[in-house]
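Undergrad:
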Amino acid sequence: MVLTSDAVEAFNLELAGKFLATIGLDGRPNVVPVISIRAFDEETLVFGEFMMVKTKRNLVDGCAVCTCVITERLDNYVVRGVFEGFEKRGKYYDFISEIPLFRYNAYTGARSAGVIRVEEVWQVKRAKSRINILADTLAVMSVSGGGSGGVIPPNVAEKFNRINAVKVVAKVEGDKPLIIPALSLRAMSQSRLGFGIRSMEAERLNEGDVVATAVLTMDAIAYQVKGKYIGMKRGLLGKIGVIEAEETYTLTPPRPGEKITSIRES
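With our numbering, letter number 133 in the sequence shown gets 274, and the count goes up by one each step, no holes.
(1) By DSSP's criteria, Arg333 is part of a beta bridge. Which residues make up the other side?
(2) Quick check on the DSSP output: what are the complete beta strand (DSSP E) runs of length 3 or more inside the segment 229-306, in order along the chain?
(3) In the DSSP output, what is Thr212 paired with across the bridge?
(4) Is Ser146 buried or exposed, if buried means 16 or more other CB atoms sit within 10 Å of its CB?
(5) For the 8 Å Cβ check, are there 3 or more pairs between the segment 291-311 and the segment 250-259?
(6) Thinking C-beta only, is Ala311 closer than 8 Å to Val172?
(7) Can you grab the Cα-Cα spacing for the pair Val352 / Thr391, in whole Å?
(8) From Ala157 to Tyr218, what does the alpha carbon distance come to, in whole angstroms?
(9) For Cys204 and Thr163, I'd like the C-alpha separation in whole angstroms.
(10) To the nearest angstrom, how far is the alpha carbon of Leu200 from that of Arg258?
(11) CA-CA distance, Lys191 and Ala361?
(12) Assign Lys159 to one of two classes, buried (16 or more other C-beta atoms within 10 Å of its C-beta) or exposed (fewer than that).
(13) Counting beta carbon pairs with one atom in the segment 371-383 and one in the segment 327-341, are three or more of them shorter than 8 Å?
(14) Please report the Cβ distance between Ile384 and Lys369, rounded to the nearest whole angstrom; I am assuming they are in contact, meaning their Cβ atoms lie under 8 Å.
(15) Count the other CB atoms within 10 Å of the CB of Ser340; is the residue buried (16 or more) or exposed (fewer)?
(16) Work out the CA separation of Leu324 and Asp167 for me, nearest whole Å.
(17) Identify, in the order they occur along the chain, each residue of the same chain with its Cβ nearer than 7 Å to the Cβ of Thr212, setting aside the five sequence neighbours on each side.
(18) Quick check on Arg396: does DSSP put it in helix, strand or coil?
(19) Roughly how many angstroms lie between the CA atoms of Gly222 and Val194, to the nearest whole one?
(20) Could you give the residue range of the alpha helix (DSSP H) that holds Arg375?
(21) Strictly by DSSP, which residues pair up with Asn171?
(22) Can the beta-carbon of Val206 be found less than 8 Å from the beta-carbon of Leu161?
(23) So what does DSSP say about Arg327, is it helix, strand or coil?
(24) Alpha carbon to alpha carbon, how far is Gly287 from Ala343? Give it in angstroms, no decimals.
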């Protein structure tokens, strides 16, 4: 399967949310924003190696990966593929070095270019419906948070609760990572995240799944929250899915990839 012309156009947009999911050595999913992802052609995605310590450890030649792009119009494309390695010279490196993110900033030059061979491509049509996203958001807001402990600081919760932030959930499906666009994802409390089921592929999540979530705001701030999907909960405005949070990480400078160990950290 190859990228359609619309998918190529979406991945080549400068202003779009783009994510990369990998599987760690512990078998758990990891998902981070990688806004440099571009379509080299209909069979190949390329991204610049920049601020991806944990993700780079997971990227072994031949491993399965999943990427996703979500545009301002809420068009989205999820791509599964095979990571074919990093190159420090050659056509892929030259291609990624020419994008504005790397070309015009001396401090964000790409160390190398990561190459992904495309295997599967699909869209989540429900994630494009603003009405469904609004209904899902209200459904989450109508349910009390609950949970015990707390690993989601207030400033991180605020980012997840922004309507115009881009949010995703990742899991391991079989032996491959999977990204699920989840624009209604919100912090229900300092220990739980919730999402509505009208606007996302909630049926691909099973109770007990280990998951990783990520948020990317319009001002390029990003966080990752890892935890476990604990199933559905019924509220006044419909069913929602609930994630019990276990760990929170910052994904942007000055401490990209660092675990937040205190609920008071900002």
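Beta carbons: idealized from backbone N, C-alpha and C, even for Gly.
TA: For this structure:
(1) Per DSSP, Glu385.
(2) You should have 254-263.
(3) Among the bridge pairs identified by DSSP, Thr212 is matched with Ala157.
(4) Around the beta carbon of Ser146, fewer than 16 other beta carbons sit within 10 angstroms, so the residue counts as exposed.
(5) When Cβ pairs closer than 8 Å are counted between the two stretches, the segment 291-311 is seen not to touch the segment 250-259, the count staying below three.
(6) Yes, the Cβ-Cβ distance between Val172 and Ala311 is below 8 Å.
(7) Roughly 16 Å between the two C-alpha positions.
(8) Approximately 11 Å between the Cα atoms of the pair.
(9) Taking the straight line from one Cα to the other gives about 8 Å.
(10) Between the alpha carbons of Leu200 and Arg258 lies a distance of about 13 Å.
(11) Rather than Lys, the amino acid found at residue 191 in this sequence is Phe. C-alpha of Phe191 to C-alpha of Ala361: approximately 15 Å in a straight line.
(12) Taking all protein chains shown into account, Lys159 has 16 or more neighbouring C-beta atoms within 10 Å of its C-beta and is therefore buried.
(13) As far as the Cβ criterion goes, the segment 327-341 touches the segment 371-383, which means the pair count is three or higher.
(14) Rounded, the Cβ-Cβ distance is 7 Å, consistent with contact.
(15) With 16 or more other Cβ atoms within 10 Å, it is buried.
(16) Rounded to whole angstroms, Asp167 and Leu324 show a C-alpha spacing of 27 Å.
(17) Closer than 7 Å at Cβ, skipping near neighbours: Ala151, Leu154 and Ala157.
(18) Collapsing the DSSP output to three states places Arg396 in coil.
(19) Those two C-alpha atoms are separated by around 21 Å.
(20) Segment Ala363 to Gly376 is the beta strand (DSSP E) holding Arg375; no alpha helix (DSSP H) there.
(21) In DSSP, Asn171 forms a bridge with Thr163.
(22) Yes, these two residues count as a Cβ contact at 8 Å.
(23) Looking at Arg327 - three-state DSSP - the assignment turns out to be strand.
(24) Answer to the nearest angstrom: the Cα atoms are 21 Å apart.
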